[in-house]
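Residue numbers (the working numbering), protein chains in the order written: chain A, 1183 to 1406; chain B, 49 to 541.
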Amino acid sequence: MVALAFIFRGFVELACLAAVALIVSFLGAWRNTVLKGLKAMAPLLVVAFILWSFTYGWSIFRSYEGGGANFQLGAFMALRLFVIILVSLNFIAMIKPSELVRALASFKLPYKAVFIMGLTLRHLYTIADDYKAVKEAQTSRGLELDKGGLHARIKNYIPVLIPLFIKSIENAEKLTLAMELRSFSFDQRRSYLRGRLKAIDIAIISAFSIALALTILRYWVGAI
Amino acid sequence: MEALNGIGLEVAGLSCRYERDWVIKNLSFSVKPGEALAVVGPSGSGKTTLAYCLTGIIPQKIEAEVRGRILVDGRDVSNSPIRENAKLIGVVLQNYEMQIFGLTVEEDLVFGLENLGLDEVEISSRLEWALETFGLRKYRSYHVHELSGGLRQRLAIASSVITAPKYLVMDDPTANLDWRGIVELRKTLQRLKEEGKGLTLMVRRLKGLEPVIDKIIEIKANNRSISNLSSQEPELQASKPGAEISLRFEGVWFRYSGDRDYALRDIWLNIEGGKCIALMGPNGSGKTTLVKHVNGLLKPTKGRVLVLGKDTRNYSPAQLAKHVAFVFQDPDKHIVCETVWEEVTFGPRNLGLGYEYAEEALRILGLLDRKEDPPYLLSTGEKIRLSMAGALAMNPEILVLDEPTTGQDEETLSIMASMIKRLKSMGRTIVVVTHDSDFAAAASDEIIVVRDGALAARGKPEEILLNNSLIEEFELEPLSSKSRGSVEVMAPG
Chain A
1183 MVALAFIFRG
1193 FVELACLAAV
1203 ALIVSFLGAW
1213 RNTVLKGLKA
1223 MAPLLVVAFI
1233 LWSFTYGWSI
1243 FRSYEGGGAN
1253 FQLGAFMALR
1263 LFVIILVSLN
1273 FIAMIKPSEL
1283 VRALASFKLP
1293 YKAVFIMGLT
1303 LRHLYTIADD
1313 YKAVKEAQTS
1323 RGLELDKGGL
1333 HARIKNYIPV
1343 LIPLFIKSIE
1353 NAEKLTLAME
1363 LRSFSFDQRR
1373 SYLRGRLKAI
1383 DIAIISAFSI
1393 ALALTILRYW
1403 VGAI
Chain B
49 MEALNGIGLE
59 VAGLSCRYER
69 DWVIKNLSFS
79 VKPGEALAVV
89 GPSGSGKTTL
99 AYCLTGIIPQ
109 KIEAEVRGRI
119 LVDGRDVSNS
129 PIRENAKLIG
139 VVLQNYEMQI
149 FGLTVEEDLV
159 FGLENLGLDE
169 VEISSRLEWA
179 LETFGLRKYR
189 SYHVHELSGG
199 LRQRLAIASS
209 VITAPKYLVM
219 DDPTANLDWR
229 GIVELRKTLQ
239 RLKEEGKGLT
249 LMVRRLKGLE
259 PVIDKIIEIK
269 ANNRSISNLS
279 SQEPELQASK
289 PGAEISLRFE
299 GVWFRYSGDR
309 DYALRDIWLN
319 IEGGKCIALM
329 GPNGSGKTTL
339 VKHVNGLLKP
349 TKGRVLVLGK
359 DTRNYSPAQL
369 AKHVAFVFQD
379 PDKHIVCETV
389 WEEVTFGPRN
399 LGLGYEYAEE
409 ALRILGLLDR
419 KEDPPYLLST
429 GEKIRLSMAG
439 ALAMNPEILV
449 LDEPTTGQDE
459 ETLSIMASMI
469 KRLKSMGRTI
479 VVVTHDSDFA
489 AAASDEIIVV
499 RDGALAARGK
509 PEEILLNNSL
519 IEEFELEPLS
529 SKSRGSVEVM
539 APG
């Protein structure tokens, strides 16, 4: 349950180092997903680079004496964005919803919260299915969705959302009945499958926490 | 304590009603451990209501008037908490999707055990037992949404059985299964019987399960019956005569975005107007993917599909709706309006048509007197008929029916078959996806077997369905002896 990567956000050129570390980390099995995601994000990086390089000096909020293009800043910002994207992608590709839920449980969060989160994640899939089904049912009976301008299109989707909403409520009702049938209660103590933090988890978590603490000390407190 | 009749699930003189009409009337039966009882009844005959009564959900959670008595091992169900009942009676709901709580197979199996407050050793031993017994070991850490419908059902059964109830109630377990699924289910039931569980199955038709059933009770539909079609004069006028090719697949390949494998491979088809084609084949073979090309919900990755000469790539599904109507499987998900009437007229309203076909379709399918009812009050069978009426209301030239036969009783099936005949005589084209061999034999002119995304076999119904080696190879449902007789008459020689 290496679920902590998302805390980490590089502040400085140190981000450069982090990027190297992360490239190592995505030599794993999920590499393809990450690469695909990065490819999709590439234009964003380019845009970020250009925007930060050229507009910072002419910002309407501040006026720097230097003005002009600042490629160094552009490169830094693009790199920072790259790291953030990379870390999040890794996180998404690596962690299954169930692992996330278990990780939360292992942090001793109240069972109620963890259970509801798990149930929500589970039903996101149901809702996505329902959404697709409603859309299919309506377009096959002559409802034109992707036509007209932006405003018209948004309006077109209202008939899709209403049944979806009603269905979700109906489903909630069925769900409570079904829970009753499985003798569900919040009081039961749960231990199985919750998992504990392993040594490697603790090592990684502490390493990142120390790194984070050091950065904060250095840049905000100015201690180091 | 074990007074009355001791061991067994016993229902005595049970009646139940929500409002005025009795949904269940004076029903009595008993099930002993190791016995399997089938309650057979058409859609809307109160099977789901019975399942709720047996667990005490009615009257404790859903308000209804209940008479008679239900005893489980001598204990009255309606007075004891549902939680306690659930320990004795496991229920697999018709809508088992809602019964699955875990994100993964393993989590879901453990869920019920944790609710009982068992210790870890007990939990893990029962978990292993269930994974083994239900053949789920391979899927242990699969996410639920990655499983096929049949597997999800098996998971729902496993999760109900894992808490070791003595009795198991299943509401229409065969509804969504293909023949292979039914055979699997039969084996599961056999195993449960051998373990001494008392089984109560509510089904619309028994086909495929007969060997494991010890007792059968038939219940009748409550007073609403479907109008008899044969007595009616056709009122829908033939607007366009057929006989030309109305639907054409030219070397269609298709794959879902993100998938590496093709879901359809090199499909060539020519379907004439006035013909009915049945698509058969196991779940997951690409039948639904294929028919979704007919109304442009999916567009070919390679090749093209022509609907009345129009290339579907150039038209949206909404534009094609003028020509093609689509009845989806799983009506629960595809019914979108708040009353039956609104639902039926949804298509005509979008297309700017009159409502005469809508009215007629409701009448044929026996739903006219339920016009003002909200769809959720309908039984599953009625919902499928409603979806069909919604399609017919648009007076389409091509009608696609995706598994309309699931969970329908014999009467509705014969009405559907005669409806298809009538549409054919009007020159309409019908494409129907079905697992029901009897229905395919009765309604279609040609059967096409789809397997692994390719056309595996095609021929006249008698050529396919009387050929035992084909039936076995493609795991099709064998014909019942009754329709075997009528098909053999058609077959030459």
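Glycine included, C-beta positions come from ideal geometry on N, C-alpha and C.
As the structure is a computational prediction, the values presented were derived from the model and not from experiment.
Legend entry - Closer than 8 Å to chain B by CB, R1335 (chain A): no
*Among B:E494, B:A502 and B:E525, which residue has its Cα nearest to the Cα of E510 (chain B)?*
B:E494
Can you tell me whether H191 (chain B) is helix, strand or coil according to DSSP? strand
Practice item. Compare the C-beta of S1270 (chain A) against all C-beta atoms of chain B and say whether one is closer than 8 Å. Key: no
- [ ] Mind reading off the beta-carbon distance from G56 (chain B) to K80 (chain B)? Whole number of angstroms is fine, and I expect it under 8 Å.
- [x] 5 Å
Give the DSSP-derived three-state secondary structure of V1228 (chain A) in the structure shown. helix
Check: For I293 (chain B), which of helix, strand or coil comes out of DSSP?
Finding: strand
Handout entry: Among B:E420, B:G321 and B:Y100, the one whose alpha carbon lies nearest that of K472 (chain B)
Key = B:G321
Q.
For the alpha helix (DSSP H) containing K431 (chain B), name the first residue and the last one.
A. T428 to L440
**OP:** For chain B, find out if any of its Cβ atoms is closer than 8 Å to the Cβ of N1338 (chain A); answer yes or no.
**Re:** no
Check: Out of curiosity, what's the CA-to-CA distance linking G299 (chain B) and D309 (chain B)?
Finding: 16 Å
> Candidates A:N1353, A:L1263, A:A1260 and A:P1292: which alpha carbon is nearest D380 (chain B)'s?
Replying inline: A:N1353
Exercise. Measure the alpha-carbon distance for V217 (chain B) versus M250 (chain B) and round it to whole angstroms.
Key: 8 Å
**Closest Cα partner of I543 (chain B) within the set A:I1386, A:I1382 and A:L1363** = No information on residue 543 (chain B) is available, as it lies outside the stretch 49 to 541 that chain B covers here.
Just the chain A side, please: which residues come within less than 7 Å of V135 (chain B) by C-beta, in chain order?
-> Note that residue 135 (chain B) corresponds to Lys in the displayed sequence, not to Val. Within 7 Å Cβ-Cβ: S1365.
### Task
Report yes or no: do the segment 173 to 182 of chain B and the segment 98 to 113 of chain B share at least 3 C-beta pairs separated by less than 8 Å?
no
Next item on the list: Have a look at B:I315, B:S196, B:R68 and B:K323 and flag the residue whose alpha-carbon is nearest the alpha-carbon of V479 (chain B).
Entry: B:K323
- For the 8 Å Cβ check, are there 3 or more pairs between the segment 163 to 170 of chain B and the segment 231 to 248 of chain B? no
Among all the DSSP beta bridges, which residues are the ones paired with A502 (chain B)? B:R499
Just checking: is the beta-carbon of R131 (chain B) within a distance shorter than 8 Å of some beta-carbon in chain A?
yes
Helix, strand or coil, according to DSSP, for T103 (chain B) in the structure here?
helix
(message) Against chain B, which members of the segment 1298 to 1327 of chain A pass a CB distance test of less than 8 Å?
(response) G1300, L1301, L1303, R1304, Y1307, T1308, D1311, D1312, A1315, V1316, E1318, A1319, Q1320, T1321, S1322, R1323, G1324, L1325, E1326 and L1327
| said: So within the segment 84 to 134 of chain B, which uninterrupted beta strand (DSSP E) runs reach at least 3 residues, ignoring any that extend past its ends? | reply: 84 to 88 and 113 to 120
| said: So with CB distances below 9 Å, who are the chain B contacts of V1283 (chain A)? | reply: L151 and E155
field: Complete runs of the beta strand (DSSP E) confined to the segment 355 to 410 of chain B [at least 3 residues]
entry: 372 to 375
Review point. DSSP on F1366 (chain A), reduced to helix/strand/coil?
Key: coil
Practice prompt. Would you mind reading off the limits of the beta strand (DSSP E) that contains Y215 (chain B)?
Written response: Y215 to D219
Checklist line | Reference S93 (chain B), options B:E408, B:V71 and B:A86, closest by Cα | finding: B:V71
_Per-residue DSSP class, three states only, for F159 (chain B)_ = helix
In chain order, what residues of the same chain lie with their CB nearer than 7 Å to the CB of R174 (chain B), ignoring the 5 residues before and after it? L161 and I210
Between the C-alpha atoms of E58 (chain B) and Y1293 (chain A), what's the straight-line distance to the nearest angstrom? 38 Å
Three Cβ pairs or more, each shorter than 8 Å: is that satisfied between the segment 356 to 365 of chain B and the segment 1320 to 1334 of chain A? yes
Q) Any beta-carbon of chain B closer than 8 Å to the one on S1280 (chain A)? A) yes
* Asked: With 16 as the cutoff for other CB atoms within 10 Å, does W316 (chain B) come out buried or exposed?
  -> exposed
Proximity of G256 (chain B) and T222 (chain B) at Cβ, strictly below 8 Å:
yes
* Could you check where the beta strand (DSSP E) with K72 (chain B) kicks off and where it finishes? -> The residue you asked about is not Lys; residue 72 (chain B) is Ile in the sequence shown. From DSSP, the beta strand (DSSP E) with I72 (chain B) extends over W70 to V79.
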